[in-house]
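Single-structure report; data block below.
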Amino acid sequence: MGSRLTAGLLVALAAVSLTTGALLESGLPPPPSQLAFILLGLVTPALGWLLAVRRPFSPYGWLLLATAVFLGLGSLGVGIALAAGTPTGVPGWLAGLFAVYFGLNSIFVPLLFPEGRLPSRRWRPVAWISAGTISAHALGVVAAWPVSGPQSPPVSMTAAAVGALGQILSWVMAVIVLVGLVVRWRRSAVTERGQYAWMVAGAGANTLSFVALIVFLMGGDAGWGLVGMTGTLGSLPAAVGVAIVRHRLLDIRFGVRGSRLLFVFDVRPSVGDVLSSLGSAMEERPEPAALIGRLAASVRSALETTWAAVRLADGTRVVAGVEVGPPALVVPVRGGLGQLECGPRQHGRLTADDRRFLEALAVPAGLAIQSEGLAVRLVNAQEAERRRIERNIHDGVQQQLVALIAGLELARATGGGADLLTELREQARQTLTDLRELAAGIHPSALGQGGLVEAVEERCAKLPVPTKVSAGEGLRATRFSDEVEGAMYFTVSEAVANALKHAAATRIEVRLDREEGRLHARVVDDGRGFDPATTARRGLATLADRLDALGGGLEMQAAPGKGTQMTAWVPVDG
Amino acid sequence: MGERLRTVVADDHYLVREGTRRLLELSGEVSVVGAVGDADELLDAVRRLAPDVVVTDIRMPGGAWRAGFEGIDAAHRVHAEHPGVGVVVLSQYSDALFAFELFKHGTEGFAYLLKDRVGDLEELLGAIRAVASGGSVIDPKVVEGLLARRAVRAEQEELTPRERDVLREMARGRSNGGIARALHLSVSSVEKNVNAIFTKLGLENSGDVHRRVAAVLAYLGP
Chain A
0 MGSRLTAGLL VALAAVSLTT GALLESGLPP PPSQLAFILL GLVTPALGWL LAVRRPFSPY
60 GWLLLATAVF LGLGSLGVGI ALAAGTPTGV PGWLAGLFAV YFGLNSIFVP LLFPEGRLPS
120 RRWRPVAWIS AGTISAHALG VVAAWPVSGP QSPPVSMTAA AVGALGQILS WVMAVIVLVG
180 LVVRWRRSAV TERGQYAWMV AGAGANTLSF VALIVFLMGG DAGWGLVGMT GTLGSLPAAV
240 GVAIVRHRLL DIRFGVRGSR LLFVFDVRPS VGDVLSSLGS AMEERPEPAA LIGRLAASVR
300 SALETTWAAV RLADGTRVVA GVEVGPPALV VPVRGGLGQL ECGPRQHGRL TADDRRFLEA
360 LAVPAGLAIQ SEGLAVRLVN AQEAERRRIE RNIHDGVQQQ LVALIAGLEL ARATGGGADL
420 LTELREQARQ TLTDLRELAA GIHPSALGQG GLVEAVEERC AKLPVPTKVS AGEGLRATRF
480 SDEVEGAMYF TVSEAVANAL KHAAATRIEV RLDREEGRLH ARVVDDGRGF DPATTARRGL
540 ATLADRLDAL GGGLEMQAAP GKGTQMTAWV PVDG
Chain B
0 MGERLRTVVA DDHYLVREGT RRLLELSGEV SVVGAVGDAD ELLDAVRRLA PDVVVTDIRM
60 PGGAWRAGFE GIDAAHRVHA EHPGVGVVVL SQYSDALFAF ELFKHGTEGF AYLLKDRVGD
120 LEELLGAIRA VASGGSVIDP KVVEGLLARR AVRAEQEELT PRERDVLREM ARGRSNGGIA
180 RALHLSVSSV EKNVNAIFTK LGLENSGDVH RRVAAVLAYL GP
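Keeping their order, the protein sequence lines are chains A and B.
At position 188 of the first sequence (counting the first as 1) the number is 187 in numbering that gives the first Met the number 0, and the numbers step up by one without a gap.
At position 152 of the second sequence (counting the first as 1) the number is 151 in numbering that gives the first Met the number 0, and the numbers step up by one without a gap.
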């Protein structure tokens, strides 16, 4: 059964039984006092229904609904008892449920305010004892008056005593809860004071109403009864209602626009809403700082906090709003990339729902930050590579050409000579060779012409140590996309260069394979190895990013003195 | 012709260094008293050999110098320690940024030439002569680039092609007579063009050729 349907049935049961009970008691037409009773009594089921439908995961709405159902059934029981004079069977039972209503209303409604959870674990004994006293009260009443209304003499004095004791103890528990509420109110931050103040007033009025009711039952005049009943029925629902509306406690508020009274539900957008707006913001490809700025702004507007900040692992921190005081809530971003922080809410306080919301948001936020970081690193690596090529051209080939020009000018001015011209020809040839190598470093022609295996063979053939390249069956004839071939080639190239430069390897083996939709490259050397924990391999880190962007990865297995094994892979079709 | 100009050549590329040295020797106007491979050696050579002119590469990796600016920083240091020594910086960058870096404290005694001028001995010798006498020279190609950039801004009256030619020659540190010879014009025609340029650019005219280079540079500056 859906929560909406359940809530609907419960609220209907509560409302119908309450109204029926009240009308049975007074007869038709009801006097104004009875109408007032019905209207006041309907506040609790209305609030409960509203909350249960809008916030089905918050127990508080269901608590209010349960309270309302017991109120309704209890009223029905009392109504039947009074109308029938001497009722029998079930109606007597029903009247006993009024005791449960009193207990829930005066203990659990203030105790579990506002989220439907205990303020802390220390309140558990209070909850259990209260459950006991309420049960004693209800069972005692049912056992003492099983077949008749409470105004007739009880069949069992013991049961009546148990019921009375339960009632008194329940009242004591209600006072304890009220004291706890006062403490919470006193200790709460300024922003939360208001909502607790209303609850304290509500619970206080409720407790006093209880006293008035007792006075009335002990033989006081009808005034006591009226005050007691009105206070009991109305004070707590009123407090809950005000807290919800004025302090947006459960993200429900109403406002007046023009002449219309509007209920606004879901003040808080869902994680999905925030993500879709963030997603369209990211479509515009903002700078990374702008991206995390938008993330912070989204968190802030979603939770309606005075400020929100996103802090990245590298210390970057962007704040939306004006930061005042320490953060009220901090949630780490997925993957340890940073954290989301936010200040107190503009109205009301941050709830467990808010924390869950932030935690849910932290997952996709982490992914966004991660992919953004990857993109930035790739762009930086590309930029560094361009600078390297530019330097190589300026310091290498360009200088050689300048020397060649100087030599030619010299030859022109002196009339040349066979030796000088030979020298200049050699210089020109050397320039051409260097230019060819430079071009191969940018993009080896073997890679374009012959494919990955051939290009890797070509690269390894130039190495000064024995190197063996083996390829899986059919791989030699297979061509992959330029990105895949390029990334794999330069990864292998960097790995063999490291093997020579850093590890002083005397043998290198390269193995290229394709299995289970993945293209693998493994480079194994017999060199010095290294400690992966302490050694940063910048060149390979760049290539790892490149493989990562293709959906692949890179693994290094190395230990000092044991050689190095690098495995790189990218997904390929088939 | 009087005494040969004593020159130190600095370039980290051996072939360029030797080619430049041999070319300058060949001219008969210059005597290369030292050839060095980095900025530290250059300063040392200037202290020891007291040359008239230094011809240095802009980029000479090594030492505690700003990477990529070794030649320019060494030029400033030479100028500070030995104000009379002229410095020709040979650069592979036609980007004016580097020229402005060289001229940022003043133009006197500095020349910024593109490296391929080693194939144009007259141009190189002209710059060496100019800096030896406290003048300054900016490579015509650099001036051309600056003019093109200036034109993009489109806030000034445009120079005629003839005026651009004259401006380029002015930046080369040439006198009106020199410009007239280079462009095959009469001296009076050159004077007219120079006046028109100064009026259009809103610069104060100056008969002093050295100051003229600084004025042009100031106008073309970023």
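Every residue, glycine too, gets a C-beta built ideally from N, C-alpha and C.
| query | result |
| --- | --- |
| Could you run through the stretch 378-394 of chain A and flag, in chain order, every residue whose CB is less than 8 Å away from some CB of chain B? | H393 and D394 |
| Would you say A502/A and R527/A are within 8 Å of each other, going by their C-beta atoms? | yes |
| Excluding five sequence neighbours on each side, which residues of the same chain lie with their C-beta closer than 6 Å to the C-beta of P55/A? | S2 |
| Mind checking who I137/B pairs with in its DSSP beta bridge? | Y111/B |
| L357/A: which of F489/A, R120/A, C341/A and L446/A sits nearest, CA to CA? | C341/A |
| With DSSP as the reference, identify every bridge partner of W61/A, one or two as the case may be. | Answer is none; W61/A lacks a bridge partner. |
| Quick check: the stretch 505-519 of chain A against the stretch 468-475 of chain A, are at least 3 beta-carbon pairs closer than 8 Å? | yes |
| D265/A: buried (16+ other C-beta within 10 angstroms of its C-beta) or exposed? | Below a pLDDT of 50, predicted positions are generally treated as unreliable, and D265/A, at 49, falls in that range; the measurement from the model is reported next regardless. Exposed. |
| Buried or exposed for D353/A, please, with buried defined as at least 16 other CB atoms from any protein chain shown within 10 angstroms of its CB. | buried |
| What's the gap between the Cα of Q338/A and the Cα of P331/A? | 4 Å |
| Where does the unbroken alpha helix (DSSP H) through S32/A begin, and where does it stop? | P31 to R53 |
| Step through the CB atoms of chain B and report whether any lies within less than 8 Å of the CB of T350/A. | no |
| Find out if the Cβ-Cβ distance for the pair G71/A, S129/A is shorter than 8 Å. | no |
| DSSP three-state label for M487/A, please. | helix |
| Spatial neighbours of R3/B within its chain, please: CB distance less than 7 Å, with the 5 preceding and 5 following residues excluded, ordered by chain position. | E28, V29 and S30 |
| Where does Q564/A sit, in a helix, a strand or coil, going by DSSP? | strand |
| Quick check on the DSSP output: the beta strand (DSSP E) that includes Q556/A runs from which residue to which? | G552 to A557 |
| Taking DSSP as the reference, what is the three-state secondary structure of W638/A? | This structure gives no information on residue 638/A, because the portion of chain A shown stretches from 0 to 573. |
| Step through the CB atoms of chain B and report whether any lies within less than 8 Å of the CB of A412/A. | yes |
| Do the CB positions of R21/B and V8/B come within less than 8 Å of each other? | no |
| Can you list, in chain order, the residues of its chain with a C-beta nearer than 6 Å to that of E554/A? Leave out the 5 residues immediately preceding and following it. | T566 |
| For R65/B, would you say it is in contact with chain A, using Cβ-to-Cβ distances shorter than 8 Å as the test? | no |
| Given this structure, state the Cα-to-Cα distance separating L608/A from L235/A, to the nearest angstrom. | Here chain A has residues from 0 to 573 only, and residue 608/A is not among them. |
| Between which two residues does the alpha helix (DSSP H) containing D598/A stretch? | Because chain A spans 0 through 573 in this model, residue 598/A falls outside it and cannot be assessed. |
| Which residues in chain B have a C-beta closer than 8 Å to the C-beta of A486/A? List them in chain order. | None at all; the shortest Cβ gap to chain B is about 30 Å. |
| Put D220/A into one of helix, strand or coil per three-state DSSP. | coil |
| Listing by chain order, which chain A residues have their CB less than 7 Å from the CB of R21/B? | L409 |
| So is G85/B buried or exposed if we call it buried at 16+ other beta carbons inside 10 Å? | buried |
| For S135/B versus V52/B, is the C-beta distance shorter than 8 Å? | no |
| Any contact between the stretch 158-175 of chain A and the stretch 126-142 of chain A? By contact I mean 3 or more CB pairs, one from each, below 8 Å. | yes |
| Helix, strand or coil: which one does DSSP assign to P570/A? | strand |
| Who are the neighbours of H12/B on chain A, taking C-beta pairs under 7 Å? | Q398 and A402 |
| Look at the alpha carbon of R76/B and the alpha carbon of V569/A, and state the distance between them as a whole number of angstroms. | 54 Å |
| For a contact meaning CB atoms closer than 8 Å, what does Q426/A contact in chain B? | L14 |
| Whose CA, out of W64/B, G61/B, A49/B and R173/B, lies closest to the CA of G83/B? | A49/B |
| Scan the stretch 117-130 of chain B for residues whose Cβ lies nearer than 7 Å to a Cβ of chain A and list them as they occur along the chain. | V117, G118 and L120 |
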